[in-house]
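J.: Using this note's numbering, read the sequence shown as starting at 1 and increasing by one per residue. Provided herewith is a single structure, encoded as structure tokens, for subsequent inquiry.
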Amino acid sequence: MTINTMINTEKKTTAVKKIASVAISAVIVGGFFHSSAQAAGFALIENSASGQGNAFAGAAAYAEDASTVWFNPAGMSKLKNNQLLVAGHIISPEASFTNDGSTDGSGNPLTGANDENSSTALVGNFYWVTDFGNKTKFGLGITTPFGLTTEYNDTWVGRYHAVKTDMKSINFNPSISREVNDKLSIGAGINMFITDITLTSAVDFGSLLGAPQQVDGFAILQADNTAFNEFAWGFNLGLLYEFDQGTTLGVAYRSEIDVTATGRARFKVPSAAAPILGSGAFQDTRIKSSVTLPQSLSVSLKQQMGSVKLLADISWTGWSSFEELRIQYANPFQPDTVTTENWDDTFRYSLGADFDVSPKMTLRTGVAYDETPIPSPQFRTARIPGDNRTWLSFGITYAFAPSLIVDAGYSHLFIDDSKINNTLETSLAPLNATLNGTYKAAVDILSVQLRWNYDL
1 MTINTMINTE KKTTAVKKIA SVAISAVIVG GFFHSSAQAA GFALIENSAS GQGNAFAGAA
61 AYAEDASTVW FNPAGMSKLK NNQLLVAGHI ISPEASFTND GSTDGSGNPL TGANDENSST
121 ALVGNFYWVT DFGNKTKFGL GITTPFGLTT EYNDTWVGRY HAVKTDMKSI NFNPSISREV
181 NDKLSIGAGI NMFITDITLT SAVDFGSLLG APQQVDGFAI LQADNTAFNE FAWGFNLGLL
241 YEFDQGTTLG VAYRSEIDVT ATGRARFKVP SAAAPILGSG AFQDTRIKSS VTLPQSLSVS
301 LKQQMGSVKL LADISWTGWS SFEELRIQYA NPFQPDTVTT ENWDDTFRYS LGADFDVSPK
361 MTLRTGVAYD ETPIPSPQFR TARIPGDNRT WLSFGITYAF APSLIVDAGY SHLFIDDSKI
421 NNTLETSLAP LNATLNGTYK AAVDILSVQL RWNYDL
């Protein structure tokens, strides 16, 4: 189906779009600097406050609360009660960019200042697990597994690469688990994924008129998949096995999710650049973009040693599915916008420990190393300039009553300096500016969650 046919036959349900937009806003509030606040790429691992306290070490083997719906659905079989869980995560990054010889498409130095970003965001999760009887449990998770936001000054040196990037998402994850025997449990879930994306950047119309950087316009692209017939779907599987001597193995898999978003492109063209409109390009039009969100596999261990639990995890994410970001335009005179990504698959390694200091209190700690999927400075972009990061985490759990438990976790992320040397890839050579410089960033994350255990 061509984009024009798709657009002409597309019939979105306004009510469904409004409901989805409200749901997304309820789960993600505010913005955060994406290279700092996520796991690898633009994935978000902040799906549990208890796990935050030990850097998510052992997450697929540690079925402590209802967040196991996300990390390993098989773990629901180990929960002793029905449970509701609500979590919130405050993500506070500090980031800055230093220019080092950026140029426009003609080789002239780019004007504009360096930029800094220190926004704060609130990300939320909700989980529910209930007993169906006959060793079967049902769960529902509402999470934000992917997301990113950056917003630079309109006149910063990299304005032709990016000004604003905003990806909000929400994932509905109904799941079921079955206790096969005293040692083995299995689980599975379905994922319904919704996203809303906004991309903006300046356009150097002056370069097309012989006056580079003197006649800037603006491009605003917005797309979503919030109509019911556009929802993206995936699945997840889990296995939990308890050996003797307090050893538990957890294995969890999440499938790829193919997302197609549609929306509109708007162009702000200054009067001095009006002659360019005669070509038919840079007209407001419909757009379409498709991306494959990566599959992942986690293997976790938990070792109980008296009042201490030792935790370990290795997680693989198939980011090599993210080869390019392509925007297609309904306007036949507007060439596709293409950004080559060529990302690599990544691993995340984590170790942690929990200490039960009393029947009511548990202390947690953990470390992790999270690889970046970005292969080189040439493929690092101003929209996603992340790099390798090291986690240091601490946490506490306190049971005010058997039915009411509060968890809190804190993480500091040390992020490697990120070199960028990225050239735009338009079909109009004068527009192909190169951004060259270094990003420096660090992140603090504070997570709190409330668990309510209840019986029907």
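Every residue gets a Cβ at the ideal spot worked out from N, C-alpha and C, and that includes glycine.
So Gly101 is in the beta strand (DSSP E); what residue range does that whole segment cover?
T.: Here residue 101 corresponds to residue number 101 of the sequence shown, with the count starting at 1. Per DSSP, Gly101 lies in no beta strand (DSSP E) segment and is marked neither H nor E.
J.: What residues in its chain sit with their C-beta under 8 Å from that of Thr438, if we drop five residues either side in the sequence?
T.: Position 438 of the sequence shown, counted from the first residue, corresponds to residue 438. Beyond the five residues adjoining it in sequence on each side, Thr438 comes within less than 8 Å, by CB distance, of Phe97, Thr98, Asp100, Asp417, Ser418, Lys419 and Ile420 in the same chain, given in chain order.
J.: DSSP has Met305 in a bridge; who is on the other side?
T.: Here residue 305 refers to the residue found at position 305 of the sequence shown. Answer by DSSP bridge pairing, in chain order: Val308.
J.: Would you identify the three-state DSSP class for Ser376, choosing helix, strand or coil?
T.: Position 376 of the sequence shown, counted from the start, is the residue given in the question as residue 376. Here Ser376 sits in coil by DSSP.
J.: Is there at least one Cβ from chain C nearer than 7 Å to Thr434's Cβ?
T.: The structure shown contains no chain C; it is built from a single protein chain.
J.: Over what stretch of residues does the alpha helix (DSSP H) that includes Thr155 continue unbroken?
T.: The sequence position of residue 155 within the sequence shown is 155, counting from 1. Unbroken run through Thr155: none, as it is neither H nor E.
J.: Restricting to runs no shorter than 3 residues, where is the beta strand (DSSP E) found entirely within the stretch 201 to 225?
T.: 216 to 224
J.: Does the stretch 331 to 341 come close enough to the stretch 278 to 295 to have 3 or more Cβ pairs within less than 8 Å?
T.: Yes, since at least three Cβ pairs between the stretch 331 to 341 and the stretch 278 to 295 fall closer than 8 Å, the two stretches touch.
J.: Any contact of the stretch 377 to 393 with the stretch 339 to 359, i.e. 3+ C-beta pairs under 8 Å?
T.: yes
J.: So is Gly246 buried or exposed if we call it buried at 16+ other beta carbons inside 10 Å?
T.: Looking up residue 246 in the sequence shown gives position 246. Exposed is the call here.
J.: Could you pull the DSSP bridge partners for Trp233 from this structure?
T.: Locating residue 233 in the sequence shown gives position 233, where the first residue counts as 1. Beta-bridge pairing links Trp233 to Met192.
J.: In whole angstroms, give me the CA-to-CA distance for Gly124 and Val69.
T.: Counting from 1 along the sequence shown, the entry for residue 124 is found at position 124. Counting from 1 along the sequence shown, the entry for residue 69 is found at position 69. Their Cα atoms are separated by approximately 15 Å.
J.: Go through its chain and collect everything with a Cβ distance to Ala26's Cβ below 8 Å, but skip five positions before and after it.
T.: Position 26 of the sequence shown holds residue 26. Summary for Ala26: the model assigns pLDDT 37, below 50, so the residue's position carries little reliability; its value from the coordinates is reported in the next sentence. Excluding positions up to five away in sequence, the list reads Gly124.
J.: Could you tell me whether the Cβ atoms of Ala49 and Gln449 are closer together than 7 Å?
T.: Taking the first residue of the sequence shown as position 1, residue 49 is located at position 49. Taking the first residue of the sequence shown as position 1, residue 449 is located at position 449. The answer is yes: Cβ separation under 7 Å.
J.: Rounded to whole angstroms, what is the Cα-Cα separation between Glu116 and Ser102?
T.: Within the sequence shown, residue 116 is the residue found at index 116, counting from 1. Within the sequence shown, residue 102 is the residue found at index 102, counting from 1. Roughly 17 Å between the two C-alpha positions.
J.: Looking at the structure shown, is Phe32 part of a helix, part of a strand, or coil, going by DSSP?
T.: Against the sequence shown, residue 32 aligns to sequence position 32. For Phe32, the predicted model reports a pLDDT of 29, less than 50, meaning its position is unreliable and no value from the coordinates is stated.
J.: Return the first residue and the last residue of the beta strand (DSSP E) that Thr68 is part of.
T.: As a position in the sequence shown, residue 68 is number 68, starting the count at 1. Unbroken run through Thr68 is the alpha helix (DSSP H), Thr68 to Phe71; no beta strand (DSSP E).
J.: List the endpoints of the continuous alpha helix (DSSP H) containing Gly51.
T.: Taking the sequence shown and counting its residues from 1, the one referred to as residue 51 is at position 51. Per DSSP, the unbroken alpha helix (DSSP H) holding Gly51 starts and ends at Ala49 to Gln52.
J.: What does the alpha-carbon distance come out to for the pair Leu446 and Ser169?
T.: Counted from its first residue, the sequence shown places residue 446 at position 446. Counted from its first residue, the sequence shown places residue 169 at position 169. In a straight line, the C-alpha of Leu446 is about 20 Å away from that of Ser169.
J.: Give the straight-line distance between the Cα atoms of Asn8 and Phe414, rounded to the nearest whole angstrom.
T.: Your numbering for residue 8 matches position 8 in the sequence shown. Your numbering for residue 414 matches position 414 in the sequence shown. Here Asn8 scores only 41 on pLDDT, less than 50, and its place in the model is too uncertain to base an answer on.
J.: Tell me which residue opens and which closes the beta strand (DSSP E) that Asn421 is part of.
T.: Along the sequence shown, read from residue 1 onward, the residue named residue 421 stands at position 421. Ser418 to Thr423 is the span of the beta strand (DSSP E), which, as asked, contains Asn421.
J.: Between which two residues does the beta strand (DSSP E) carrying Asn436 extend?
T.: Here residue 436 refers to the residue found at position 436 when the sequence shown is read from its first residue. Where Asn436 is concerned, the enclosing beta strand (DSSP E) stretches over Thr434 to Tyr454.
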